[in-house]
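Number of protein chains: 2
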Amino acid sequence: MYHHFTKTKLHEVSATLSKVAMGVIPAETVIRGATLVNVCTCELLENTDVAVWGGRIALVGDASHCIGEGTEVVDAAGKFIAPGFLDGHIHVESSMMSAGEYARAVVPHGTTGIYMDPHEICNVLGLDGVKWIMEDAARSPLKAMLTVPSCVPAVPGFEDTGAEVGPADIRETMQWDNVVGLGEMMNFPGIVNGDARTHAIVGETLAANKVATGHYSIPETAQGLNAYIASGVRCCHESTRAEDALAKMRLGMYAMLREGSAWHDLVEVIRSVTEHEVDSRFAVLISDDAHPHTLAGQGHLDHIMRKALSYGLDPIRAIQMVTINCAQCFRMDHELGSVTPGKCADLVLLDNLEEMKVAKVWINGDLVAENGKLTEELAPYTYPERAVHTMHIAGEVTPETFVIRTEKAETKVHTMEVMGGKVNNFMHVREMTAVDGKLCADPSRDILKAVVFERHNETGKVGYGFVEGFGIKNGAMASTVAHDAHNLLVVGTNDEDMAVVANALIECGGGMAVARDGKLVALLPLPIAGLMSDRPVEEMTEAVAAMEAAWAEIGCTMPSPFMTMALIPLACLPELRLTDRGLVDCTTFRFLPLEAE
Amino acid sequence: MYHHFTKTKLHEVSATLSKVAMGVIPAETVIRGATLVNVCTCELLENTDVAVWGGRIALVGDASHCIGEGTEVVDAAGKFIAPGFLDGHIHVESSMMSAGEYARAVVPHGTTGIYMDPHEICNVLGLDGVKWIMEDAARSPLKAMLTVPSCVPAVPGFEDTGAEVGPADIRETMQWDNVVGLGEMMNFPGIVNGDARTHAIVGETLAANKVATGHYSIPETAQGLNAYIASGVRCCHESTRAEDALAKMRLGMYAMLREGSAWHDLVEVIRSVTEHEVDSRFAVLISDDAHPHTLAGQGHLDHIMRKALSYGLDPIRAIQMVTINCAQCFRMDHELGSVTPGKCADLVLLDNLEEMKVAKVWINGDLVAENGKLTEELAPYTYPERAVHTMHIAGEVTPETFVIRTEKAETKVHTMEVMGGKVNNFMHVREMTAVDGKLCADPSRDILKAVVFERHNETGKVGYGFVEGFGIKNGAMASTVAHDAHNLLVVGTNDEDMAVVANALIECGGGMAVARDGKLVALLPLPIAGLMSDRPVEEMTEAVAAMEAAWAEIGCTMPSPFMTMALIPLACLPELRLTDRGLVDCTTFRFLPLEAE
């Protein structure tokens with residue numbers, strides 16, 4: 179199923195590779211005279227050639243004798259050659275782009291492999307969605323290695339998703355070709371408390387001798403973290419404090435140090451290795467979530483490494499953290515992650531290390547990018563009809579749909595207070611006065627109405643609540659990017675604008691929308707599962723900028739406000755969340771009525 | 179087949195382990211207050227507890243809450259706790275002891291796992307012999323992890339062995355329970371030159387996702403070493419120069435730094451990491467071959483680490499080199515090699531790091547050794563009849579059998595010159611005068627007669643030659659430890675004594691013998707495959723000392739002369755060797771006549 183992430187199996191070509199190394203058969207490509215970033219010994223080795231045949235490295239050293247008729251010789255004098263960069267944990271859907279377009283954006287920045295966890299599309303379309311995004315990825319040279327979503331739904335019993343994934347699904351998918359492990363096990367409470375089903379999901383992964391990736395997002399590094407790691411989960415990208423990242427490494431867990439578009443953890447967590455005299459083999463740099471404007475404007479792992487250098491990390495160790503360390507985390511270092519004989523010829527040529535400026539990129543021995551662009555156009559990929567028709571909402575949505583009725587004249591409601599750039603929110607109780615028996619948004623107190631519509635199976639479920647912190651005076655926003663169930667989330671000051679944005683998304687198949695005074699201000703269609711577009715990164719960057727401008731126009735000055743909004747339904751984060759089933763107290767895991775006692 | 183090297187599968191017990199870490203279920207054992215040798219981060223962490231349940235580590239840190247009724251609490255204050263030591267490459271047969279007795283000798287020194295390559299017994303008894311030695315090992319707590327012999331016979335076409343191992347055997351054995359990889363691929367010329375069958379033997383290993391171990395014994399680190407590594411071989415223990423070990427690490431090959439009883443390479447090769455500022459994750463310390471007197475008198479990996487410390491290595495890095503580095507080499511670091519949650523509770527408690535003095539040893543959570551002794555006696559193991567009747571020599575052996583006839587009165591013969599403590603020998607051409615039409619030993623010129631009898635299948639093949647360098651004036655020695663085919667090798671000054679030692683070994687089922695003036699001076703029976711005894715290490719140490727004394731008595735002052743003698747038939751070493759088929763020129767791989775032109 180799908181493409182393999184190696185062009186050839188080593189044991190099928192090793193005899194030929196040996197002959198190439200001996201000069202008996204000419205190499206296909208020889209890259210000459212670069213300084214090798216040796217990630218095995220953490221050294222720079224000047225004037226090193228690399229000979230390639232059949233997608234793999236045959237020789238590293240002096241390759242003069244490997245050059246024959248037909249050998250392509252690349253002069254790399256004055257440059258640096260390193261293993262292709264690996265992102266150990268990413269959700270492609272966060273880029274709002276198709277997997278192919280994502281690859282087109284990141285490969286020219288030196289990324290040759292990603293460990294992707296497509297749990298967004300899986301929540302909408304199930305394992306079919308996972309298959310389709312892998313097919314989408316397969317048209318690009320990028321090695322898309324799949325970690326199967328482990329938590330679909332994220333918080334069972336508190337939300338409605340388009341699919342569920344259980345232990346039997348994990349057992350089956352572990353046999354798929356490109357599966358290398360399990361996606362982030364977010365249900366750390368289940369693991370920590372010994373829940374059998376949650377352990378079985380990790381267990382099916384271990385039984386298949388694959389790697390379970392983690393998500394342990396609380397600042398507790400004693401019994402809870404031990405209980406989590408004892409389950410066999412091998413890595414975690416959720417540390418936000420240096421001491422937590424260090425505690426994980428000390429407990430044999432790969433600490434994936436994150437610098438996402440919206441989560442700027444690196445400045446803090448990199449101190450785990452820059453301020454301690456430690457072996458850093460358990461440290462990995464990852465992105466988790468990257469938006470189009472980050473990828474287009476700043477880059478991918480090259481950008482994250484530049485950040486790391488600015489925080490005091492040395493460049494060779496930085497490169498180890500996106501190559502051999504990541505490959506060892508996934509126990510794939512016999513295939514990937516170093517420029518050594520027999521490994522896949524996934525190579526990056528850099529102009530310099532200070533700026534991590536990428537000149538050329540090879541994957542499986544093929545030159546796939548130079549001067550910031552792919553060398554070949556990608557074949558188109560069309561998602562099946564089901565994937566682009568995912569707005570299944572019961573009945574019509576009108577302004578009346580948004581009305582919240584009450585029997586009291588004066589009442590108290592639970593509200594959620596969001597903060598820009600933070601994932602956590604806060605629960606409050608606010609006094610509210612009914613208007614004609616209805617509870618309304620109160621922009622004067624920055625209290626907006628929030629509504630979540632189940633959109634997968636026309637169940638008709640709708641959750642109602644109030645949210646504070648966006649600062650919007652007049653208007654409404656809607657999004658089908660609404661973690662992790664990705665139901666239709668609408669926030670606004672008035673029912674009319676809320677109906678406008680909701681219906682705009684229902685009509686276009688999902689995405690994001692902003693309206694004011696009964697008219698759309700901006701619309702970003704994301705027709706693939708309501709999460710992604712098939713448009714290229716340049717267009718998406720502009721579209722996202724237009725969306726941010728629309729938010730600003732209606733009064734919100736938060737950075738990436740749609741990200742903050744998208745977390746409103748994510749019931750595995752503290753303190754209060756709103757799903758299609760209602761308000762969830764995420765400290766006690768109980769539903770709360772909208773009106774407080 | 180055989181015991182697994184874990185007591186439990188992690189996914190079967192992980193839910194319970196998590197509960198133990200949380201204090202919901204009491205730990206079976208808590209080791210309290212030691213300083214942890216953290217091999218993940220290369221740090222010492224004071225006052226660290228380790229909680230154990232079901233053979234695995236549940237928690238590392240403060241384990242107060244894990245102690246309940248029935249928990250065994252071990253006070254380890256003032257001591258150091260480290261992962262159990264792993265020997266990445268050993269031949270148990272070199273100890274001349276059964277695998278059980280070998281384990282009894284090494285476990286109290288902190289060794290909890292070995293990667294064994296039983297290619298000696300395999301040459302005699304084939305894969306049956308491998309199964310039996312694994313059964314023998316299974317009665318001890320030591321984790322005997324099997325790397326299947328790759329080169330049986332060592333030099334096909336030049337010697338007769340009791341068995342052959344081909345690619346189909348490798349394919350089959352890779353499915354055996356305790357198989358973790360392929361034994362040392364000594365046929366590096368075959369690999370380097372792209373020989374299909376040799377690559378297939380490595381290839382079947384890679385196809386099974388297991389680790390192929392190596393043997394690249396020449397001081398060439400350019401195209402040949404690249405060609406060898408490109409085959410997928412992952413480690414090599416044959417470096418004798420620091421620059422070779424470093425070159426291997428730079429090419430992504432684990433450099434196994436050897437300190438065997440007869441091969442004292444460490445003083446030189448450790449400089450690869452002590453004199454270069456390199457990441458040492460690719461360095462591993464191993465023994466390869468250890469004799470009873472080394473194990474009894476000096477120790478095992480603890481001894482090798484003491485040596486390494488005396489050469490300037492720091493103790494934490496030394497411990498990394500027998501724990502996590504080795505586990506990562508075999509891609510088994512999710513099971514072994516660190517004191518972290520979920521891993522096997524293979525633990526060593528040390529009184530101090532300067533002397534690496536081992537106080538207690540746990541394997542799979544069980545206390546298996548303390549104060550230098552196993553805590554429990556081993557069950558007996560009896561090898562099958564076929565394993566202890568391996569002397570199958572055609573016809574009777576009499577003094578007449580050793581006669582070498584010539585048609586010339588004056589002639590020239592090829593001789594092998596051996597040197598104590600070295601594996602290589604030298605070829606010479608010496609003038610010789612016939613006595614009654616016979617060519618005889620000439621002790622005045624230190625030229626002895628050497629004869630090799632095929633002993634596996636009564637083929638009647640006998641090879642004749644002359645050897646220099648032992649310094650023996652009167653007497654004869656015989657051995658069935660005669661690498662790698664382990665035929666019956668006899669060396670002596672006169673045919674009578676040669677017949678005495680030969681018949682002594684035929685009678686006792688193999689071993690080593692020394693005779694003078696028609697009488698046995700010493701006899702060391704090794705009835706198991708003619709290689710090993712079932713006697714314990716104390717007895718074996720005395721017996722080997724008696725054998726060395728006998729050699730000295732007849733005039734040989736070489737250290738461990740029987741080791742040097744045992745290499746006479748090993749036709750993969752330069753320059754001239756003698757097998758049961760005759761003299762082999764090992765630079766050209768051609769048979770040579772005894773008499774030179």
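In order, the protein sequences belong to chains R and E. The first sequence begins at 179 in this note's numbering and counts up by one. The second sequence begins at 179 in this note's numbering and counts up by one. Glycine included, each C-beta is placed from N, C-alpha and C at the ideal position.
Per DSSP, reduced to three states, the secondary structure at His469/R is coil, with no helix or strand assignment. For His606/E, the uninterrupted beta strand (DSSP E) segment begins and ends at Phe604 to Thr611. Residues of the region 415-432 of chain R that bring their beta carbon within less than 7 angstroms of a beta carbon in chain E comprise Met427, Arg428, Leu429 and Gly430, in sequence order. Within chain R, the residues Val370, Asn371, Gly372, Gln401, Gly402, Asn404 and Ala405 have their CB atoms less than 9 angstroms from the CB of Met200/E, given in chain order. Its Cα nearest to that of Pro737/E, the residue Ser439/E stands out among Ser439/E, Lys197/E and Trp231/E. Proximity of Lys197/R to chain E, defined by a Cβ-Cβ separation below 8 angstroms, is satisfied.
With a cutoff of 8 angstroms on beta-carbon distance, Ser409/R and Ile369/R are scored as near each other.
Interface annotation for the region 233-244 of chain R against chain E: Ala236, Leu237, Val238, Gly239, Asp240 and His243, criterion Cβ-Cβ distance under 7 angstroms. Residue burial annotation: Arg713/E is buried, with at least 16 other C-beta atoms found within 10 angstroms of its C-beta. Taken in chain order, the complete beta strand (DSSP E) segments of 3 residues or longer contained in the region 515-555 of chain E are 525-530, 535-541 and 544-548. Taking the CA atoms as reference points, Arg449/E sits about 28 angstroms from Thr325/E.
Counted as a single uninterrupted DSSP element, the alpha helix (DSSP H) harbouring Lys426/R occupies residues Ala420 to Arg428. Beyond the five residues adjoining it in sequence on each side, Gly335/E comes within less than 8 angstroms, by CB distance, of no other residue in the same chain. In the assembly as shown, Phe767/R is an exposed residue. Its beta-carbon has fewer than 16 other beta-carbons within 10 Å. Put simply, the CB of Glu221/E is near chain R, with a gap under 8 angstroms to one of its CB atoms.
When the five nearest sequence neighbours on each side are left out, the beta carbons in the same chain lying within less than 8 angstroms of the beta carbon of Leu444/R are those of Leu435, Arg436, Glu437, Leu463, Ile482, Lys485, Ala486 and Tyr489, in order along the chain. In this structure, the CA atom of Gly233/R is about 44 angstroms from the CA atom of Val526/E. The Cβ neighbour count for Ser328/E, taken over all protein chains shown within 10 Å, is at least 16; the residue is labelled buried.
Within 10 angstroms of the beta-carbon of Arg509/E lie 16 or more other beta-carbons, which makes it buried.
Contact between Leu528/E and Lys535/E holds: CB atoms are separated by about 6 angstroms, below the 8 angstroms threshold. Contact between the region 266-277 of chain R and the region 286-300 of chain R is present: 3 or more CB-CB pairs across the two stretches fall below 8 angstroms. Gln506: these are the residues of the region 484-506 of chain E whose beta carbon lies less than 7 angstroms from some beta carbon of chain R, given in chain order.
Here DSSP, grouped into helix, strand and coil, assigns Leu435/R to strand.
Taken through DSSP and simplified to helix, strand or coil, Ile706/R comes out as strand. Separation of His606/R and Thr593/R (C-alpha to C-alpha, rounded to the nearest whole angstrom) is 5 angstroms.
For Tyr293/E, the secondary structure class from DSSP, reduced to helix, strand or coil, is strand. Within the DSSP bridge table, the entry for Thr391/R names Cys413/R as partners. At least one CB atom of chain R sits nearer than 8 angstroms to the CB of Pro519/E. Counting only Cβ-Cβ distances below 7 angstroms, Gly381/E has contacts in chain R at His189 and Ser192, in chain order.
Contact check for Asp624/R against Gly653/R fails: the beta carbons are separated by 8 angstroms or more.
In this structure Ser272/R is buried. Its beta-carbon is surrounded by 16 or more other beta-carbon atoms within 10 angstroms. In this structure, the CA atom of Val447/R is about 26 angstroms from the CA atom of Ser196/E. Residues of chain R whose Cβ lies closer than 7 angstroms to the Cβ of Ala774/E do not exist, since the nearest Cβ in that chain is about 33 angstroms away. Fewer than three beta-carbon pairs drawn from the region 751-769 of chain R and the region 716-732 of chain R are found closer than 8 angstroms, and the two stretches are therefore not classed as touching.
Taking 3 residues as the minimum length, the region 563-591 of chain E contains no beta strand (DSSP E) run wholly inside it. For Ser622/R, the closest alpha carbon among the candidates Gly670/R, Gly615/R and Lys600/R is that of Gly670/R.
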